[in-house]
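In our numbering, the protein residues as written are 89 to 243.
Here it is, written out as structure tokens:
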């Protein structure tokens with residue numbers, strides 16, 4: 089059984105480290121609360137010819153925010169023939185600010201590798217940066233707190 093992140097980088101069974109390199113860390117930038125970011129993973133049957141890899145149900149569990157992550161489509165059970173693969177996604181929708189993480193769990197029929205697990209994480213924020221305001225009149229800036237009228241900026 090081979091597990092790969094979106095960029096095709098192999099994931100290690102039981103990997104606790106999260107990285108944007110293998111798609112287990114949701115992007116470099118924080119995610120605004122209630123916004124969804126999706127990462128896709130691929131399970132490949134790298135076994136011998138005529139072997140069938142059975143997986144499922146794929147779930148997320150544990151960590152500090154398992155409810156912020158969801159597997160799509162819902163995979164209750166799948167049979168993957170040798171050389172074939174199954175793609176699934178993990179959606180991250182932070183419900184609060186701060187570091188959020190959980191474990192993806194993939195039960196399977198491979199001796200010594202069931203369940204196959206790896207951790208995913210992301211960072212939730214209320215906003216990406218403070219908004220800025222600029223007010224103009226007649227295409228000229230009006231300074232904050234301005235108290236002197238001007239024909240240039242139509243005040």
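From the three backbone atoms N, C-alpha and C, an ideal C-beta is built for every residue, glycine too. A quick note: this is a predicted structure, and the numbers were derived from the prediction, not measured.
Three-way DSSP call (helix, strand, coil) for residue i in this model
i, result
"residue 232", "coil"
"residue 93", "In this predicted model, residue 93 has a pLDDT of only 44, less than 50, meaning its place in the structure is not dependable enough to derive any value."
"residue 135", "coil"
"residue 155", "helix"
"residue 189", "strand"
Beta-carbon proximity of residue i to residue j, cut-off 8 Å
i, j, result
"residue 129", "residue 176", "yes"
"residue 126", "residue 145", "no"
"residue 182", "residue 194", "no"
"residue 213", "residue 121", "yes"
Inter-residue Cα distance where the pair is residue i and residue j
i, j, result
"residue 225", "residue 234", "12 Å"
"residue 208", "residue 239", "57 Å"
"residue 118", "residue 154", "18 Å"
"residue 228", "residue 241", "5 Å"
"residue 184", "residue 192", "20 Å"
"residue 157", "residue 138", "34 Å"
"residue 167", "residue 199", "16 Å"
"residue 178", "residue 206", "12 Å"
Minimum C-alpha distance to residue i - residue among the options
i, options, result
"residue 174", "237, 122 and 134", "134"
"residue 136", "228, 169 and 161", "169"
Cβ distance (whole Å) where residue i is taken to contact residue j below 8 Å
i, j, result
"residue 160", "residue 196", "Contact doesn't hold; Cβ gap of about 19 Å is too wide."
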